[in-house]
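Q: In this note's numbering, the protein residues as written are -9 to 221.
A virtual CB, placed ideally from N, CA and C, is assigned to each residue, including glycine.
Quick caveat: nothing in here was measured; it's all calculated off a predicted structure.
Submitted below is the structure of interest, expressed as structure tokens.
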Amino acid sequence: MMGSTKIVILCGGKGVRLMPLTKEIPKPLVELKNKPVLQYLMQLCASQGFDDFIVCTGYKAKLIESSVKNFSRKKWKVKFVNSGPAASMLERIMDASKFCGERFVVCYGDTVADVDLNKLVALHKRKKALITNVLYQMASPFGLMETKGAKVTCFKEKPLLPFWFNIGFYVFEKKVLKGANRFEWIPFLDMVVSSGKMFAHKHRGEHITFNTEHEKKEAESKIKVFSYVFG
-9 MMGSTKIVIL CGGKGVRLMP LTKEIPKPLV ELKNKPVLQY LMQLCASQGF DDFIVCTGYK
51 AKLIESSVKN FSRKKWKVKF VNSGPAASML ERIMDASKFC GERFVVCYGD TVADVDLNKL
111 VALHKRKKAL ITNVLYQMAS PFGLMETKGA KVTCFKEKPL LPFWFNIGFY VFEKKVLKGA
171 NRFEWIPFLD MVVSSGKMFA HKHRGEHITF NTEHEKKEAE SKIKVFSYVF G
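Written out as structure tokens, the structure is:
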């Protein structure tokens, strides 16, 4: 078990794509089946032995703190780091890293996935990575057809595509943040990629996130796959 590794959860953004719902509550507190999405994430981490959390707040920080304190388990360790509502994601990570050891996991507070955190950290250490990112395979939202001239030769309904996207789970080496205040997020990642020290784990399990009311309804219908962590 590698559960001594701290889990840094990013909960400071405004969730503007989900407005007006996020006008009243921060996105990590949006409920799916009567539980905040943040609660699913934290309990999934804790179920694997990762129960030492740093929750990065900003937008409506008091609501985040109150909710987490309400659903936290007694054995969990939870620290809140408020970088303010205007802070960038990289600034929030840097602020949280002051309370971390040499290595820590970063998660988006509005995304749930059954990533095997022990295997993820083990991969990161084995590759001697500076950052290891979790990816998920993209599926087409459309049925796709192959043609020869005007003739349809193949039809595939919403097939998986040969592309992978970031789902907001990372392992960081603390030392990669030295001097990172010079960068925005994307140039920072480009710098790590250029160093040859960024690796990826392709996740093939469950993954739930949402940015619109329609996607929220879909997420609510899928969230039952994580009900086992509340047993």
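For my contact list, histidine 193 and tyrosine 126 are in at a C-beta cut-off of 8 Å; report their separation, rounded to the angstrom.
A: Against the sequence shown, residue 193 aligns to sequence position 203. Against the sequence shown, residue 126 aligns to sequence position 136. The Cβ separation is near 5 Å, so the contact holds.
Q: Tell me the DSSP bridge mates of arginine 194?
A: As a first step, residue 194 is located in the sequence shown; it is residue number 204 there, counting from the start. None, per the DSSP bridge assignment.
Q: With 16 other CB atoms within 10 Å as the buried threshold, where does alanine 86 fall?
A: Translated into positions along the sequence shown, residue 86 becomes position 96. With 16 or more Cβ atoms within 10 Å of its Cβ, alanine 86 is classed as buried.
Q: Any idea which residues DSSP pairs methionine 135 with across the strands?
A: The residue labelled residue 135 in the question sits at position 145 within the sequence shown. DSSP, once it has assigned bridges, lists Phe145 as partnering methionine 135.
Q: So what does DSSP say about valine 105, is it helix, strand or coil?
A: Reading the sequence shown from its first residue, position 115 is the one you call residue 105. In the displayed model, valine 105 falls within coil according to three-state DSSP, outside both helix and strand.
Q: What did DSSP end up calling threonine 12 once you bin it into helix, strand or coil?
A: As a first step, residue 12 is located in the sequence shown; it is residue number 22 there, counting from the start. DSSP places threonine 12 in helix when its eight states are reduced to three.
Q: How far does the alpha helix (DSSP H) with tyrosine 30 in it extend, from its first residue to its last?
A: Along the sequence shown, one-based indexing puts residue 30 at 40. Here the alpha helix (DSSP H) through tyrosine 30 covers 27 to 37.
Q: Specify the secondary structure class of isoleucine 157 as computed by DSSP and reduced to three states.
A: The residue given as residue 157 occupies position 167 in the sequence shown. Strand.
Q: Leaving out five residues on either side along the sequence, give the residues of the same chain with a beta carbon under 8 Å from the beta carbon of glycine 139.
A: Taking the first residue of the sequence shown as 1, we reach residue 139 at position 149. Within the same chain, glycine 139 has no close Cβ partners at all.
Q: Could you have a look at valine 183 and say whether DSSP puts it in helix, strand or coil?
A: In the sequence shown, the residue the question calls residue 183 occupies position 193. Residue state, collapsed to three classes: helix.
Q: How many Å lie between valine 111 and alanine 77 at the Cα?
A: Here residue 111 refers to the residue found at position 121 of the sequence shown. Here residue 77 refers to the residue found at position 87 of the sequence shown. So the alpha carbons of these two residues sit roughly 27 Å apart.
Q: Run through the DSSP bridge pairs and tell me what leucine 0 is partnered with.
A: Locating residue 0 in the sequence shown gives position 10, where the first residue counts as 1. DSSP, once it has assigned bridges, lists Cys46, Tyr98 as partnering leucine 0.
Q: For my contact list, proline 75 and lysine 4 are in at a C-beta cut-off of 8 Å; report their separation, rounded to the angstrom.
A: By 1-based counting over the sequence shown, the position of residue 75 is 85. By 1-based counting over the sequence shown, the position of residue 4 is 14. Yes, proline 75 and lysine 4 are in contact; Cβ-Cβ is about 7 Å, under 8 Å.
Q: By Cβ distance below 6 Å, which residues in the same chain neighbour methionine -8 in space, the five residues on each side in sequence not counted?
A: The count along the sequence shown starts at 1 and reaches residue -8 at position 2. Because methionine -8 carries a pLDDT of 45, less than 50, the predicted location of this residue cannot be relied on, and no value is offered for it.
Q: So, for leucine 28: in the same chain, excluding its five sequence neighbours on each side, which residues have a beta-carbon less than 6 Å away from its beta-carbon?
A: What you label residue 28 is simply residue 38 of the sequence shown in a count that begins at 1. Its chain contains Pro18, Gly99 as the residues whose beta carbon lies nearer than 6 Å to that of leucine 28, once the 5 sequence neighbours on both sides are disregarded; these appear in chain order.
Q: Where do the ends of the beta strand (DSSP E) carrying isoleucine 121 lie?
A: What you label residue 121 is simply residue 131 of the sequence shown in a count that begins at 1. Per DSSP, isoleucine 121 belongs to the beta strand (DSSP E) from 121 to 129.
Q: Is methionine 32 buried or exposed, if buried means 16 or more other CB atoms sit within 10 Å of its CB?
A: Position 42 of the sequence shown, counting from 1, holds the residue named residue 32. Buried, because 16 or more other Cβ atoms sit within 10 Å of the Cβ of methionine 32.
Q: Which residues in the same chain have their Cβ closer than 8 Å to the Cβ of leucine 179, if we skip the five residues on either side of it in sequence?
A: As a position in the sequence shown, residue 179 is number 189, starting the count at 1. If we look at leucine 179 and ignore the five residues flanking it on each side, its Cβ neighbours are Ile121, Met188.
Q: Apply the 10 Å Cβ neighbour rule to tyrosine 218 and answer buried if 16 or more other Cβ atoms are within range, or exposed otherwise.
A: Taking the sequence shown and counting its residues from 1, one reaches residue 218 at position 228. Counting Cβ neighbours within 10 Å, tyrosine 218 comes out exposed, since fewer than 16 surround it.
Q: Methionine -8 by DSSP, collapsed to three states: which one?
A: As a position in the sequence shown, residue -8 is number 2, starting the count at 1. Note on methionine -8: pLDDT 45, under 50, position unreliable in the model; the coordinate value appears next. Look at methionine -8 here: in three-state DSSP terms it is coil, with no helix or strand label.
Q: When we look at the beta-carbon of histidine 204 and count the other beta-carbons within 10 Å, is it buried (16 or more) or exposed?
A: As a position in the sequence shown, residue 204 is number 214, starting the count at 1. It is exposed - the Cβ of histidine 204 has fewer than 16 other Cβ atoms within 10 Å.
Q: Give me, in chain order, the residues of the same chain whose beta-carbon lies closer than 7 Å to that of alanine 36; leave out the 5 immediate sequence neighbours on both sides.
A: Walking along the sequence shown from the start, residue 36 turns up at place 46. So the qualifying residues of the chain are Arg63, Trp66.
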